[in-house]
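Notes to accompany the following structure.
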Amino acid sequence: IYMTSVKMLERGYAVIVMTDITAVKNSEKTRSEFFANASHELKTPLTAIKGFNDIISLSTTDEKTKELSAKIAKETDRIVLLINDMLNLSNLEAERSPIKERVDLFKVCEDVKESLSSLAEQKKVTVEVSGSGVIEAEKEHAVELVKNLAENAVRYNEAGGHVWVNVGKIGGKTVLTVKDDGIGIEDKDKERIFERFYRVDKSRSREMGGTGLGLAIVKHICAVYNADLKLESKIGEGTTVTISFPE
Ligand code: ADP
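In this note's numbering, the protein residues as written are 485 to 731.
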């Protein structure tokens, strides 16, 4: 695999530089395969641990043991979420072209709202979905996109807060907007939050069940569909994420 660049000089001369990037591409592939395999291999023993832990919890009457078992269950669930996000991310990195279908984005938003209802209730945040729109995409990708954004909007919010999810059309482009009146993000963190495992407040993210990979996944999905991703935020006022899909 070669990367080629051409530079025109004066009097009709030109310089062509060809760089052999086979090794770079191969190591990227190895890394991505390792990531995918490791995540996959971790799932099997984890499922077993969860199972044994359930047995312990069901077969004991000792309160202390039950309490510890509940803690183990909570932590293993977190690892499962983390592994799933790592797998999602490595699949997105594998650069295969998506198998597109017509996806009703409004319907996806409604389904996500439904799946977030218990978290929203617990946080006392209301979620509103409006608009209409269709995109050509892999259904799973659309769900991941909306889920990660809406979940953040609920998570990084205060009691009594709101989340508005809208699907619309601007200049022929289908646009997804996820807006909240939550805690907001400081300017210095705005560029960094799309990096893997970057969190503004690690303990808050963990406590809320975040993996630190949500926005990295969002960014990757947008890249796959050439969608434009914008984030506006003001500390204490809220955050708006806008994604425009090309026509
Ligand atoms: P996490 O699993 O920690 O939520 P994400 O990649 O989804 O990871 O987000 C990275 C960080 O960006 C979060 O930990 C949080 O600090 C910040 N963040 C994301 N969305 C919002 C939002 N809507 N309002 C305020 N902060 C946000």
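Glycine included, every Cβ here is placed at the ideal spot set by N, Cα and C.
| query | result |
| --- | --- |
| A639: first and last residue of the uninterrupted alpha helix (DSSP H) it sits in | What sits at residue 639 in the sequence shown is Arg, not Ala. Unbroken alpha helix (DSSP H) run through R639: K623 to R639. |
| Beta-carbon contacts of A557 that lie in its chain and below 8 Å, excluding the five residues immediately before and after | K534, N537, D538 and S541 |
| Continuous alpha helix (DSSP H) stretch holding M570: start and end | E547 to E577 |
| Check: L589 C-beta below 8 Å from any heavy atom of the ligand ADP | no |
| Cβ-heavy atom distance, R562 to the ligand ADP, below 8 Å | no |
| Segment contact, 8 Å Cβ cut-off, at least three pairs: the segment 591-605 with the segment 565-581 | no |
| Beta-ladder partner(s) of T506, from DSSP | T506 is not bridged to any residue. |
| Collapsed DSSP secondary structure at I669 in the structure displayed | coil |
| Reduced DSSP secondary structure (H/G/I, E/B, other) of S616 | coil |
| Inter-residue CB distance, D673 and E721 (contact presumed, cutoff 8 Å) | Not confirmed; about 15 Å, so no contact. |
| Beta-carbon contacts of H704 that lie in its chain and below 8 Å, excluding the five residues immediately before and after | L573, L576 and E577 |
| N650 vs V613 beta-carbon contact at 9 Å | yes |
| Sequence-distant residues of the same chain with beta carbon closer than 7 Å to W648, five excluded per side | E612 and K663 |
| C-alpha distance - S616 paired with V592, whole-angstrom precision | 10 Å |
| Span of the alpha helix (DSSP H) around L603 | S601 to K607 |
| Whole-angstrom distance between L715 and T661, CA atom to CA atom | 10 Å |
| Beta-carbon separation (whole angstroms), L589 vs V702, contact threshold 8 Å | At roughly 15 Å, the Cβ-Cβ gap does not stay under 8 Å, so L589 and V702 are not in contact. |
| Nearest to R688 (by Cα), restricted to the options I719, Y640 and V618 | Y640 |
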